[in-house]
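Trainee: Have a look at this one before I ask anything.
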């Protein structure tokens, strides 16, 4: 979602819109994500867990949850994404603009003035004409706020300066901040005293605006206050103050920066050095050679990020130096800049470095615990890694490694050059590359020319590509694809299940015929029947519903019923004694009622029984062991057979009429009152 959020923030930068993020991740992960994903909007930390105070207060139960709130604080939309989110925001923005126009006529001067200011700030239609009329308003607050609004529409007219100076003391922090910024843009040196005073404001936005204005005005009077702000805990404030000192320049600004630079371990030493360079101290540019090899990775990251701002400094050698850094993010910044160069030497260095990057991460692609992070890191390098990955795919011996490489290429599939590389892979001399290329291409194209290759690998000895190819064949409705799926069913049970799902996905008459031929197969018949039920093609309906009467081979015997009854009674006894599932004892009645009274048979394909704990029993035989009656219902324990033994599946209360329709297997003697407490105590002692 981050790319869309960034585009939304950029598109609505000058509109009455704000994006606020609430994050439940651990702080360290949040900071990393904010930097790597360029999250510039305001974000709040919610305690590092999903049940944090903010999420609880808003009733959030799933992540991510998105609320779109209107200008009055009312939630208007929930969980809209993509274009729907854009539409929702644009709709509310139109309403907010109408509200501003209405507020211009308010009897309250505070409301009237705020509307005038915001119309100018957000560039509303006819704002200049409408707001200009309020410069003659009888209320001072309206006039000064209107002046700020007009100043934000363009370079402020000198006639507005007196009102802008008054606006610095406005009760609204937004008005204060924007008045300071516009005074700096206007070069109003008469406001320097106000700017210096605002540098100590409690409001962070006002303070940052004052810092910006001090730099714009080259206010030597502000150097002392700016120097103090360079030690602010908020790094955005500290960096802004350092940059402002550089813009102030001159004797005072440069002296302050040199004082700061004299501290070799200063956490903002990169930005201090950059500010010195931009203030005219060109010799300070050499310091970046040392900053790029600093032991602190944060310093190296800051240094490579700052290079782009150093106009007049030859940075290519520095970027080449950063290309060899141990840190991936430092290398990425350098690589993104250098790949624009046409210098053959630079291009050679990029190719060599990229190959090393891929080879360093390849072992992590083989590991289930590290593959996700390694793949994401490779994807972030861009499509230039694809040719290298295709080469490594041909030499990789492990299935996990091949899967990790394919996963990475899949993450870059939207780029046309990736499709071109995969098309070339179909003709590769390396057999396995052909198979992976066909599999990856099927996600973006249902080209029938892929079917022969997919069919070949569906029956090959490459186990991983067997299942991948079988899944891919489900997207093609040709006879060749259906025949390949039918053949793969005989290869293995696991592959048969995948092939049945692909035949269901084909949903063609030919696919239905293949599934119909499997109905009598005891291993795959039930799955084939289930797939036929879900298909829409009329051919699938010809096979009808599977018979509710079990075949002789699948029907349980009296011996089965006795085994199920004994297992159910043991389960009930343990549950009532507190050794089994809590709550089951209450459902089954008194502690001494541990004997079953009847056993009936529920056949696969019969009426589905409700189930709380597992999937419905529509395609699975089960024995229902009755324990007691409750009004019009009977309480039963549902027992199913697994590896020759009966185990409990569910505890249900079902209508007597439904229970009576099932085939009776084992009528039991009436329940006898059996005290179980002694037996339980003995079992507990034995367990000790």
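In the numbering used here, the protein residues as written are 327 to 1014.
Backbone N, C-alpha and C fix where the C-beta goes; we use that ideal spot for every residue, glycine too.
Bear in mind that the values here come from a model prediction, so they are computed numbers and not experimental data.
#1: Locate the alpha helix (DSSP H) running through residue 565, then write down its first and last residues.
#2: With contact counted as at least three CB pairs below 8 Å, one residue from each stretch, are the stretch 683-703 and the stretch 638-653 in contact?
#3: My guess is that residue 512 and residue 525 are in contact by the Cβ rule of under 8 Å, so how many angstroms apart are they, rounded?
#4: If you drop the 5 nearest sequence neighbours on each side, which residues of the same chain put their C-beta closer than 8 Å to that of residue 774?
#5: Is the distance from the Cβ of residue 1031 to the Cβ of residue 743 below 7 Å?
#6: Looking at the secondary structure, which residues open and close the beta strand (DSSP E) in which residue 347 lies?
#7: Measuring straight from C-alpha to C-alpha, what distance separates residue 647 and residue 781?
#8: Near residue 338, which residues of its chain fall below 6 Å by C-beta distance, leaving aside the five closest residues on each side in sequence?
#9: Report the three-state DSSP secondary structure of residue 967 (helix, strand or coil).
#10: Counting Cβ pairs, one atom from each stretch, are 3 or more of them under 8 Å apart for the stretch 372-387 and the stretch 342-362?
#11: My guess is that residue 857 and residue 827 are in contact by the Cβ rule of under 8 Å, so how many angstroms apart are they, rounded?
#12: Could you tell me which of 634, 624, 671, 666 sits nearest to residue 653, measuring between CA atoms?
#13: Check whether the stretch 762-776 touches the stretch 722-741, counting contact only when three or more Cβ pairs, one atom from each stretch, lie closer than 8 Å.
#14: Considering only residues of the same chain and omitting the five flanking positions on each side of residue 959, which have a CB-CB separation below 7 Å?
#15: Measure how close the beta-carbons of residue 540 and residue 494 come, nearest whole angstrom, since I'm counting them as under 8 Å.
#16: So which of 394, 584, 729 has the shortest CA-CA distance to residue 789?
#17: Cutting at 7 Å between CB atoms, please list the residues of its own chain near residue 343, excluding the five before and the five after it.
#18: Rounded to the nearest angstrom, what separates residue 593 and residue 612 at their Cα positions?
#19: Report the residue ranges of all beta strand (DSSP E) runs contained in full by the stretch 615-690; include only those spanning at least 3 residues, in chain order.
#20: Determine the closest residue to residue 460 out of 812, 429, 480, with distance taken between C-alpha atoms.
#21: Flag this pair as yes or no: are the beta carbons of residue 507 and residue 547 separated by less than 7 Å?
#22: Using beta-carbon positions only, say whether residue 346 and residue 368 come within less than 7 Å of one another.
#23: Runs of 4 residues minimum, wholly inside the stretch 486-528: which ones carry the alpha helix (DSSP H) assignment?
#24: Based on Cα-Cα distance, which residue from 678, 679, 725 lies nearest to residue 693?
#25: For residue 370, name the three-state secondary structure that DSSP assigns.
#26: Can you tell me whether residue 496 is buried or exposed? The criterion is at least 16 other CB atoms within 10 Å of its CB, across all chains shown.
#27: Measuring straight from C-alpha to C-alpha, what distance separates residue 395 and residue 422?
#28: Helix, strand or coil for residue 998 per DSSP?
#29: List the DSSP bridge partners of residue 924.
#30: Are the Cβ atoms of residue 457 and residue 475 separated by less than 7 Å?
#31: What are the partner residues of residue 979, as DSSP defines its beta bridges?
#32: Given 6 Å as the limit, tell me if residue 544 has its C-beta closer than that to any heavy atom belonging to the ligand NAD.
#33: Label residue 671 either buried or exposed according to how many other C-beta atoms from any shown protein chain fall within 10 Å of its C-beta, with 16 as the threshold for buried.
#34: Find the nearest neighbour of residue 823 within the set 955, 530, 854, judged by alpha-carbon distance.
#35: Assuming residue 617 and residue 598 form a contact by the criterion Cβ under 8 Å, report the distance between their Cβ atoms to the nearest whole angstrom.
#36: To the nearest angstrom, report how far apart residue 720 and residue 847 are at their CA atoms.
Mentor: If we stick to the structure as given:
#1: Counting from 1 along the chain shown, the entry for residue 565 is found at position 239. Per DSSP, residue 565 belongs to the alpha helix (DSSP H) from 561-574.
#2: Put simply, the stretch 683-703 does not touch the stretch 638-653. Fewer than three CB pairs are less than 8 Å apart.
#3: As a working mapping, residue 512 is identified with position 186 in the chain shown. As a working mapping, residue 525 is identified with position 199 in the chain shown. The pair is not a contact, with the Cβ atoms about 19 Å apart (cut-off 8 Å).
#4: Within the chain shown, numbered from 1, the residue matching residue 774 stands at position 448. Once the five neighbours on either side are set aside, the close Cβ partners of residue 774 are 802, 804.
#5: Nothing in the structure corresponds to residue 1031, since the chain is present only between 327 and 1014.
#6: The residue given as residue 347 occupies position 21 in the chain shown. Looking at the DSSP string, the run of the beta strand (DSSP E) that includes residue 347 is 346-349.
#7: Reading the chain shown from its first residue, position 321 is the one you call residue 647. Reading the chain shown from its first residue, position 455 is the one you call residue 781. Each residue's alpha carbon lies about 49 Å from the other.
#8: Within the chain shown, the letter at position 12 stands for residue 338. Around residue 338: no qualifying Cβ.
#9: Within the chain shown, residue 967 is the residue found at index 641, counting from 1. Correct three-state label for residue 967: strand.
#10: yes
#11: Here residue 857 refers to the residue found at position 531 when the chain shown is read from its first residue. Here residue 827 refers to the residue found at position 501 when the chain shown is read from its first residue. Yes, they are in contact, since the Cβ atoms of residue 857 and residue 827 sit about 7 Å apart, within 8 Å.
#12: Position 327 of the chain shown holds residue 653. Taking only the C-alpha atoms, the option nearest residue 653 is 624.
#13: yes
#14: Residue mapping note: residue 959 aligns to position 633 of the chain shown, counting from 1. Contacts found: 979, 980, 981, 982.
#15: Here residue 540 refers to the residue found at position 214 of the chain shown. Here residue 494 refers to the residue found at position 168 of the chain shown. Wrong, their Cβ atoms sit about 13 Å apart, outside the cutoff.
#16: Within the chain shown, the letter at position 463 stands for residue 789. Of 394, 584, 729, the residue nearest in Cα terms is 729.
#17: Sequence index remark: in the chain shown, residue 343 carries index 17 (1-based). Result list for residue 343: 415, 419, in chain order.
#18: Looking up residue 593 in the chain shown gives position 267. Looking up residue 612 in the chain shown gives position 286. So the two alpha carbons sit approximately 19 Å from each other.
#19: none
#20: Reading the chain shown from its first residue, position 134 is the one you call residue 460. Comparing Cα positions, the closest option is 429.
#21: Taking the first residue of the chain shown as position 1, residue 507 is located at position 181. Taking the first residue of the chain shown as position 1, residue 547 is located at position 221. Against a cut-off of 7 Å, the Cβ pair of residue 547 and residue 507 comes out as no contact.
#22: Position 20 of the chain shown, counted from the start, is the residue given in the question as residue 346. Position 42 of the chain shown, counted from the start, is the residue given in the question as residue 368. Yes, they are a contact pair.
#23: 487-493, 499-512, 518-524
#24: For the purposes of this step, residue 693 is identified with residue 367 of the chain shown, where counting begins at 1. Here the closest residue by C-alpha is 725.
#25: Here residue 370 refers to the residue found at position 44 when the chain shown is read from its first residue. In the structure shown, residue 370 sits in a strand (DSSP, three-state: E or B).
#26: One-based indexing of the chain shown puts residue 496 at position 170. Classification for residue 496: buried.
#27: Mapped onto the chain shown, residue 395 falls at position 69. Mapped onto the chain shown, residue 422 falls at position 96. Straight through space, the alpha carbons of residue 422 and residue 395 are spaced by roughly 11 Å.
#28: In the chain shown, residue 998 corresponds to position 672, counting from 1. Low per-residue confidence applies at residue 998: pLDDT is 45, beneath 50, and the placement is therefore not dependable, though the value from the model is reported in the following sentence. In this structure, residue 998 counts as coil in the three-state DSSP scheme.
#29: In the chain shown, counting from the first residue as 1, residue 924 sits at position 598. Partner(s): 952, 993.
#30: Counting from one through the chain shown, the residue named residue 457 turns up at place 131. Counting from one through the chain shown, the residue named residue 475 turns up at place 149. In contact: residue 457 and residue 475 (Cβ atoms closer than 7 Å).
#31: Along the chain shown, read from residue 1 onward, the residue named residue 979 stands at position 653. Answer is 961.
#32: With respect to the ligand NAD, the structure shown offers nothing to examine, as it has no ligands at all.
#33: By 1-based counting over the chain shown, the position of residue 671 is 345. So residue 671 counts as exposed.
#34: Along the chain shown, one-based indexing puts residue 823 at 497. Considering only alpha carbons, the answer is 854.
#35: Translated into positions along the chain shown, residue 617 becomes position 291. Translated into positions along the chain shown, residue 598 becomes position 272. Actually they do not touch by this definition, with Cβ atoms about 10 Å apart.
#36: Counting from 1 along the chain shown, the entry for residue 720 is found at position 394. Counting from 1 along the chain shown, the entry for residue 847 is found at position 521. Each residue's Cα considered, the two are about 39 Å apart.
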